[in-house]
Structure formats: structure tokens, C-alpha cells
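Working notes, structure below.
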Amino acid sequence: VNGLDPAARLAAAVAAINRDHGNADFVALAGDLADLGEVAAYEVLRDTLAPLTVPCHITLGNHDVPEAFLSVFGAGLSDPSAKVSKVIDVGGYRVILLDTTTPGTHAGALCQGRKDWLAERLEEARDRPVIVVMHHHANVLSLPVDEIPLADGAGFAQLLQRHPDVRMVISGHVHLTTSGVWHGIPMTTLAGSHYSVNAHLPGMAGDQLRLEGPAQMAVVLADAAGVTVHFQDYLNRHVELAAGLFPEGEARQRKVPGAQRQALRARSIY
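Position 11 (the sequence shown) corresponds to 116 in our numbering; numbering is contiguous.
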């Protein structure tokens with residue numbers, strides 16, 4: 106996919122987790138488990154995850170096809186209201202994996218059923234801190250990917266604010282590591298296991314670049330005092346990927362100081 110081997114990169118992540126983090130309570134996969142959502146891709150995912158020695162919990166992203174995913178991983182992972190969402194209570198925390206996908210669009214959204222489910226799960230856990238893991242980012246990053254975030258992010262924030270102690274919201278989707286505070290809630294995104302992008306902020310010249318690496322996982326340490334997120338680059342390459350590897354984008358030649366490079370236009374889909 107895009108000139109990279111996602112199965113090999115995931116296998117490297119599994120090996121790194123088994124080697125370095127075998128004492129973890131669990132692993133969470135925050136979606137985009139397959140590029141086109143074919144059943145065969147989810148079979149490869151299942152087989153690649155098989156050597157993992159740590160429990161693994163999964164939610165979906167905009168590239169996923171729920172029906173194909175569930176045909177391989179089991180229909181029991183889906184709830185009529187919550188879709189592929191779940192709760193993990195561990196170490197005095199409630200961790201909520203939230204399915205933010207919407208059929209037919211790369212943007213995210215929460216239907217009323219998922220909003221109600223989330224509100225109920227938060228209310229149940231008023232006596233403990235909460236971490237939310239989901240695919241789409243809800244906060245404004247001032248990046249091109251803000252075109253396809255979680256819809257009604259302000260409404261999502263209001264839901265979270267009903268709980269007295271939401272410690273962190275962790276997202277993927279943006280192919281970039283960011284952190285900040287949004288509506289009083291700590292938010293972070295990670296680059297993930299596939300390609301990454303540079304932080305192409307408003308006013309910067311040229312187009313956003315896509316890079317081969319790093320392939321990255323977030324290592325979350327949580328106790329009564331707080332939450333720390335370490336970003337472990339288990340593949341640490343930063344080679345720029347050729348624009349032709351992303352046929353869905355409009356590619357063009359441009360000059361970057363000191364080099365001739367190919368880049369995708371910022372509006373291409375993540």
C-alpha cells in the first residue's frame with residue numbers, strides 16, 4: 106500500500122511489543138486496519154496479530170469496512186448502538202474504545218446511539234479516571250486533515266465534560282504526532298504504523314509531504330496521579346515517499362529549498 110508493506114510493519118510492531126512491553130495490560134488498535142477493507146486484508150491482520158502476547162482490543166477507522174472486519178473477527182465485537190466500541194476497566198481506569206466511523210465518508214461522526222452509549226459509559230465511571238481511544242481527531246489541528254475530523258467536535262467535548270476526570274483522548278487518523286488541550290481536555294494523536302506527514306501549517310510554502318516513517322506506537326502509562334504517553338518509533342525511517350504512490354491525490358513537481366521533491370497536494374485523503 107503506497108509502496109509500503111503494512112503487514113510487515115505491523116509484524117514489526119508486534120515484535121516490539123512482545124520484546125519491550127510484554128507487561129502491558131493490553132494493546133489498542135485505533136482503526137484503519139485495512140486500506141480498502143477487503144476480507145482478505147482482515148485475514149492477514151488476524152494472522153499478523155496472532156503472535157501478540159498481550160491482549161488486543163480493536164476499534165475501526167475510515168478505511169475499514171465493518172461487515173468485512175466482523176466476518177473475520179466475529180460479529181460479537183459489534184454492538185447495535187455502539188458499533189465496534191468497547192470498555193476496558195483496568196488499573197483503576199476506564200478506557201473507552203470509541204467507533205467514530207460513518208459509512209460513505211472519510212470524516213467521522215457519532216450517531217445518536219453512540220452518543221447515548223458514550224454518555225452511559227461515562228456516567229458508570231464517575232468514580233474513576235477515563236481515557237478515550239478513537240480513530241478520528243475531534244480537535245482543530247490547523248492541518249489539511251481538519252477537512253475530515255470527527256463531526257461536531259464541540260458536542261463531543263460537551264459529552265466528555267460531563268465526566269469529572271477525562272484524563273486523555275488518544276486518536277490516530279492524522280499520520281502525525283500532536284498533543285494539546287482542547288475544551289480543557291488533553292488530546293494527543295500518533296503517527297501510526299503506516300506513512301507519516303509533516304506538520305504543514307497555514308502559511309507554509311509548498312505542499313504537505315508524506316514520509317516512509319517513523320512507524321510509531323504510543324505507550325501509555327497511567328496511575329492515580331496522571332497519564333504519560335511515550336511515542337516509540339519502532340521503525341525509524343524518514344524517507345520521503347514519491348507522489349506517484351498515492352494515485353488518489355493530485356501530484357505535481359515542486360521545489361523545496363535545497364532539493365527537488367515530489368509531494369501530494371494537501372487535500373488528498375488520509
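C-beta atoms are modelled at their ideal positions from N, C-alpha and C, and glycine is treated no differently.
Residue i: CB within 7 Å of a non-hydrogen atom of the ligand FAD
i, result
"residue 148", "The ligand FAD is absent from the structure shown, which contains no ligands of any kind."
Residue burial classification, residue i (beta-carbon count within 10 angstroms, cutoff 16)
i, result
"residue 156", "exposed"
"residue 190", "buried"
"residue 185", "exposed"
"residue 242", "buried"
"residue 378", "Examination of residue 378 is not possible in this model, given that the chain is present from 106 through 375 alone."
"residue 124", "exposed"
"residue 111", "buried"
"residue 245", "exposed"
"residue 160", "exposed"
"residue 261", "buried"
"residue 131", "exposed"
"residue 208", "exposed"
"residue 331", "exposed"
"residue 168", "buried"
"residue 284", "exposed"
"residue 119", "buried"
"residue 326", "exposed"
Counterpart residues of residue i in DSSP-defined beta bridges
i, result
"residue 323", "336"
"residue 345", "316"
"residue 276", "239 and 294"
"residue 328", "331"
"residue 378", "With the chain covering only 106 through 375, there is no way to say anything about residue 378."
"residue 119", "Residue 119 pairs with nothing; no bridge assigned."
"residue 302", "315"
"residue 250", "Partner(s): none; residue 250 has no beta bridge."
Local conformation of residue i per DSSP, three classes
i, result
"residue 362", "Residue placement at residue 362 is poorly supported in this model, since its pLDDT is 31, which falls under 50; the coordinates are not used for a value here."
"residue 213", "strand"
"residue 223", "helix"
"residue 245", "coil"
"residue 255", "strand"
"residue 106", "coil"
Inter-stretch contact (C-beta, 8 Å, three-pair minimum) for the segment 147–155 and the segment 301–312: no
Segment contact, 8 Å Cβ cut-off, at least three pairs: the segment 167–180 with the segment 135–150: yes
At least three beta-carbon pairs within less than 8 Å, the segment 247–264 to the segment 295–308: yes
Touching by the beta-carbon criterion (3+ pairs, under 8 Å), the segment 189–205 and the segment 225–239: yes
Contact the segment 271–280 vs the segment 290–299: 3+ CB pairs below 8 Å: yes
Sequence ranges, beta strand (DSSP E) only - wholly within the segment 130–202, length at least 3: 132–135, 161–164 and 191–195
Cβ contact check for the segment 263–270 and the segment 313–323: 3 or more pairs under 8 Å: no
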